[in-house]
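Trainee: Here the numbering used here = 1-based position in the sequence shown + 22.
Virtual Cβ for every residue (Gly too), placed ideally from N, Cα, C.
Treat the numbers as computed from the prediction; the structure is a model and nothing was measured.
I'd like to ask some things about the structure below.
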Amino acid sequence: MSNHLFTPFELKGLQLKNRIVMAPMCQYSVIAKDGKPNDWHYIHYLSRAVGGTGLIITEMTDVEPDGRITDYDLGLWSDEHIPAFSRIIDGVHAHGAKIGIQIAHAGRKAEDAAEPVAPSALKFPGSRYKTPRALKTNEIKDMIQLFGNATRRAVQAGVDMIELHGAHGYLIHQFQSPFTNRRQDVYGQDLAKFGVEVIQAVKKEMPDEMPLFFRISAVEYADGGYDIEHAIDMCKAYQAAGVDAFHISSGGEGPAGERKPGNYSGYQVPFARRIRESLRVPVIAVGMLEDPALAESVIGNEDADLVAIARGMLRDPYWATHAAISLRSENTHVPKQYERAYL
Numbered sequence: 023m024s025n026h027l028f029t030p031f032e033l034k035g036l037q038l039k040n041r042i043v044m045a046p047m048c049q050y051s052v053i054a055k056d057g058k059p060n061d062w063h064y065i066h067y068l069s070r071a072v073g074g075t076g077l078i079i080t081e082m083t084d085v086e087p088d089g090r091i092t093d094y095d096l097g098l099w100s101d102e103h104i105p106a107f108s109r110i111i112d113g114v115h116a117h118g119a120k121i122g123i124q125i126a127h128a129g130r131k132a133e134d135a136a137e138p139v140a141p142s143a144l145k146f147p148g149s150r151y152k153t154p155r156a157l158k159t160n161e162i163k164d165m166i167q168l169f170g171n172a173t174r175r176a177v178q179a180g181v182d183m184i185e186l187h188g189a190h191g192y193l194i195h196q197f198q199s200p201f202t203n204r205r206q207d208v209y210g211q212d213l214a215k216f217g218v219e220v221i222q223a224v225k226k227e228m229p230d231e232m233p234l235f236f237r238i239s240a241v242e243y244a245d246g247g248y249d250i251e252h253a254i255d256m257c258k259a260y261q262a263a264g265v266d267a268f269h270i271s272s273g274g275e276g277p278a279g280e281r282k283p284g285n286y287s288g289y290q291v292p293f294a295r296r297i298r299e300s301l302r303v304p305v306i307a308v309g310m311l312e313d314p315a316l317a318e319s320v321i322g323n324e325d326a327d328l329v330a331i332a333r334g335m336l337r338d339p340y341w342a343t344h345a346a347i348s349l350r351s352e353n354t355h356v357p358k359q360y361e362r363a364y365l
């Protein structure tokens, strides 16, 4: 009988009914390219709340229009976006789940931007990417403020937590990586500086009791990319700046070289455990963890504090309910309207 995956979790003012997180996954479903979530997003996120998920993290939501991966992604660059997010957040809360927004900027991976920006003018490989323009030192301060502005709007919309996206080759990751940051100014001399200042900007907009999560790539796979020791150094700087928990992924900076990502269940769990032990900080593990027994073992073995389910939850909105039944958890919750289907 499960005693781990379906136990409550608390971090500052965030109280979760279980350890299950819906990982942020882009839907590429914005109508009219305005950045506002629509009925697709409303149904998408509420169905996972009905399905028993403890914490839902919305897809990568960008701080300016040209900071999106594509023009079909979400944004929080305007107060006009707030009501659409509030509708989703209120609905998720009504079904017993908590919800946060992942705030980001795609940097050199902004496919539809007329002129992407990045720490350095280094193009991401592939025909659909453009060579970015290196941000000027004085422009970086304005970019950092955009993260703060988006956070203010997310808080106003009613979120329970904020996650910053510092993984998968997007802008914060680009600054923290010697592979993509070749600057000669202070933002190249201190690879954590941009991320630290973003953290400081968003913390100013968050209530004291609201936790800040940070998604990081623990290792890079491109030849010349950083290893986990570098990621730990970055995490220490980010923790000191105010991060309360880390969401541990890997890669995204470019095509894999000699070192390849795993293609098996739980391949990123050792990264999560290493960062958890090094910093003594709560972590989310992610990466092909949709087998309920495996997810249970990750929590039970204290590899991580929370488990994020990505593609498994795209396939099954009720993954959490089905996992509880599979694990014979005492905390199985089936909506009253569906109970007769489980008798």
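Does DSSP classify Met335 as helix, strand or coil?
Mentor: Of the three classes helix, strand and coil, the one that applies to Met335 here is helix, per DSSP.
Trainee: Closest to Ile53 by C-alpha separation, out of Lys39, Ala106, Leu144, Ala119, would be which residue?
Mentor: With distances taken between Cα atoms, Ile53 lies closest to Ala106.
Trainee: Between Val43, Gln49, Tyr360, Gly276, which lies nearest to Phe9 when the distance is taken from Cα to Cα?
Mentor: As shown, the chain starts at 23 and ends at 365. That puts residue 9 outside it, with no answer to give.
Trainee: On the criterion of 16 or more Cβ atoms from any shown chain inside 10 Å, does Phe30 qualify as buried, or is it exposed?
Mentor: In the sequence as presented, Phe is not what sits at residue 30; that position holds Pro. The residue is exposed, with fewer than 16 neighbouring Cβ atoms inside 10 Å.
Trainee: Let me check understanding here. Comparing Cα to Cα, which of Val218, Ala189, Met232 lies closest to Ile250?
Mentor: With distances taken between Cα atoms, Ile250 lies closest to Ala189.
Trainee: Looking at Asp266 and Pro233, is the spacing between their C-beta atoms short of 7 Å?
Mentor: Yes, they are a contact pair.
Trainee: Along the chain, where does the alpha helix (DSSP H) that runs through Leu144 open and close?
Mentor: Per DSSP, Leu144 belongs to no alpha helix (DSSP H) and is neither H nor E.
Trainee: For Ile221, tell me which candidate among Leu186, Tyr248, Phe197 has the shortest Cα-Cα distance.
Mentor: For Ile221, the nearest C-alpha among the options comes from Leu186.
Trainee: Looking only at its own chain, which residues have a Cβ that is under 6 Å from the Cβ of Gly76, when we skip the five neighbours before and after it?
Mentor: For Gly76, where only same-chain residues beyond five positions count, the Cβ hits under 6 Å are Leu38, Lys39, Asn40, Ile42.
Trainee: Check whether the stretch 44-51 touches the stretch 155-173, counting contact only when three or more Cβ pairs, one atom from each stretch, lie closer than 8 Å.
Mentor: In short, these stretches do not touch, since the Cβ pair count stays below three.
Trainee: Following the continuous alpha helix (DSSP H) through Lys215, name the residue where it begins and the one where it ends.
Mentor: Start and end: 215-225.
Trainee: I'd like to know whether the C-beta atoms of Arg150 and Glu133 end up nearer to each other than 7 Å.
Mentor: Yes.
Trainee: Leaving aside the five residues before and after Ile111 along the sequence, list all residues of the same chain whose C-beta is less than 7 Å from its C-beta, in chain order.
Mentor: Contacts found: Ile121, Ala179, Gly180, Val181.
Trainee: If you draw a straight line from the C-alpha of Ala278 to the C-alpha of Ser142, how long is it?
Mentor: So the two alpha carbons sit approximately 20 Å from each other.
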